[in-house]
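Taken in order, these protein sequences are the chains called A and B. The opening residue of the first sequence carries number 59 in the working numbering; numbering runs sequentially from there. The opening residue of the second sequence carries number 15 in the working numbering; numbering runs sequentially from there. By construction, the Cβ of each residue, glycine as well, lies at the ideal position given by its N, Cα and C atoms. Down below is the structure, laid out as structure tokens.
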Amino acid sequence: ETGVTQSPTHLIKTRGQQVTLRCSSQSGHNTVSWYQQALGQGPQFIFQYYREEENGRGNFPPRFSGLQFPNYSSELNVNALELDDSALYLCASSLWGNEQFFGPGTRLTVL
Amino acid sequence: AQSVSQHNHHVILSEAASLELGCNYSYGGTVNLFWYVQYPGQHLQLLLKYFSGDPLVKGIKGFEAEFIKSKFSFNLRKPSVQWSDTAEYFCAVMIYNTDKLIFGTGTRLQVFP
Chain A
59 ETGVTQSPTH LIKTRGQQVT LRCSSQSGHN TVSWYQQALG QGPQFIFQYY
109 REEENGRGNF PPRFSGLQFP NYSSELNVNA LELDDSALYL CASSLWGNEQ
159 FFGPGTRLTV L
Chain B
15 AQSVSQHNHH VILSEAASLE LGCNYSYGGT VNLFWYVQYP GQHLQLLLKY
65 FSGDPLVKGI KGFEAEFIKS KFSFNLRKPS VQWSDTAEYF CAVMIYNTDK
115 LIFGTGTRLQ VFP
């Protein structure tokens with residue numbers, strides 16, 4: 059157990075819809091990173107939030123957006139869902155520059 | 015672009031066999047290095063990490079890894095595997111001062127009794 063929680067566990071959406079995934083970071087951590095893990099692949103960095111500001115972004119389009127709240131919890135929003143967005147979405151919390159602790163993930167299926 | 019290569023995609027071993035999983039990265043500057051493990055039905059967990067100092071690092075459950083800077087490698091080893099080591103193993107690199115993890119594609123390890 060890392061103390062990082064994510065909700066929901068599973069989600070099914072259709073193409074074109076919007077989705078919001080949530081993450082509660084471990085107590086004392088100020089950084090949240092989001093990753094996408096497609097089947098059979100390693101996690102791919104989406105973006106990171108540090109003290110409520112976006113602090114780095116991977117190769118993902120603007121329809122992937124996020125927020126970090128004063129309590130350091132975070133949301134990942136995906137607009138205009140595409141079939142290829144089907145994946146496990148992982149949230150990781152850390153003190154910036156240190157090891158990242160991962161949550162259990164949200165499995166998103168887009169039909 | 016920086017990348018991480020794990021050459022062994024699927025490894026099958028018998029209990030008590032020795033394990034070595036390869037990991038190479040492409041970046042010429044300072045890096046922090048990690049191995050994560052994902053047991054069936056569980057979340058990613060940190061096995062071990064290298065930030066600086068002794069290039070031979072020891073992690074949990076008897077695992078160790080050696081950072082060889084000249085070879086851009088960070089191979090994972092265990093002298094004697096157990097059935098409970100069955101899992102997916104991911105090597106990851108953090109470019110110094112970026113806090114962004116770059117993962118390899120993972121190695122699926124199956125250990126048979």
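Roughly how many angstroms separate the alpha carbons of residue i and residue j, rounded to a whole number?
i, j, result
"lysine 71/A", "glycine 114/A", "27 Å"
"lysine 72/B", "phenylalanine 104/B", "16 Å"
"serine 82/A", "isoleucine 82/B", "36 Å"
"phenylalanine 160/A", "tyrosine 130/A", "15 Å"
"glutamine 75/A", "leucine 169/A", "10 Å"
"arginine 165/A", "threonine 67/A", "6 Å"
"asparagine 156/A", "leucine 35/B", "24 Å"
"phenylalanine 77/B", "leucine 62/B", "8 Å"
"asparagine 89/B", "proline 69/B", "11 Å"
Using a C-beta to C-beta distance shorter than 7 Å, which residues of chain B count as neighbours of residue i?
i, result
"proline 54/A", "The question about residue 54/A has no answer here: the residues shown for chain A are numbered 59 through 169."
"glutamine 106/A", "Asp113, Lys114"
Under the three-state reduction of DSSP, which class applies to residue i: helix, strand or coil?
i, result
"glycine 76/B", "helix"
"tryptophan 97/B", "helix"
"leucine 35/B", "strand"
"lysine 71/A", "strand"
"serine 19/B", "strand"
"leucine 27/B", "strand"
"serine 84/B", "helix"
"leucine 134/A", "strand"
"leucine 70/B", "strand"
"leucine 115/B", "strand"
Counting along the chain, where does the beta strand (DSSP E) carrying residue i start and finish?
i, result
"threonine 121/B", "121-126"
"lysine 63/B", "59-64"
"tyrosine 147/A", "145-152"
"arginine 80/A", "77-82"
"threonine 164/A", "164-168"
"glutamine 52/B", "45-52"
"serine 123/A", "122-126"
"serine 85/A", "Here serine 85/A belongs to no beta strand (DSSP E), and DSSP marks it neither H nor E."
"asparagine 89/B", "87-92"
"tyrosine 107/A", "102-108"
Starting from residue i, find everything on chain B with Cβ-Cβ shorter than 9 Å and list it in chain order.
i, result
"leucine 148/A", "His57, Leu58"
Could you work out which residues of chain A lie near residue i, taking near to mean beta carbons separated by less than 8 Å?
i, result
"leucine 115/B", "Ser91, Tyr93, Pro101, Phe103, Ala150, Gln158"
"phenylalanine 48/B", "Glu157"
"lysine 63/B", "Glu157"
"phenylalanine 81/B", "Those do not exist, as phenylalanine 81/B stays about 16 Å from chain A at its closest Cβ, beyond 8 Å."
Along chain B, which residues have their Cβ under 8 Å away from the Cβ of residue i?
i, result
"glycine 254/A", "Since the first and last residues shown for chain A are 59 and 169, residue 254/A lies out of range."
"glycine 114/A", "Thr112, Asp113, Lys114"
Under 7 Å between beta-carbons, which chain A residues line up against residue i? List them in chain order, please.
i, result
"threonine 119/B", "Gln99, Gly100"
"phenylalanine 88/B", "Within chain A, no residue comes near phenylalanine 88/B; the closest Cβ sits about 14 Å away, beyond 7 Å."
"phenylalanine 126/B", "The premise fails here: phenylalanine 126/B is roughly 22 Å from chain A at the closest Cβ pair, so nothing lies under 7 Å."
Anything in chain A within Cβ reach of residue i, meaning under 9 Å, just list it in chain order.
i, result
"phenylalanine 77/B", "Result: empty, since nearest Cβ-Cβ is about 15 Å, beyond 9 Å."
(request) Mind the definition here: the region 119-126 of chain B touches the region 86-102 of chain A only if three or more C-beta pairs lie below 8 Å; say whether that holds. (result) yes
(request) Kindly confirm or deny that the region 143-152 of chain A and the region 83-101 of chain B touch, where touching means at least three C-beta pairs closer than 8 Å. (result) no
(request) Would you be able to state if there are at least three C-beta pairs under 8 Å between the region 36-52 of chain B and the region 16-27 of chain B? (result) yes
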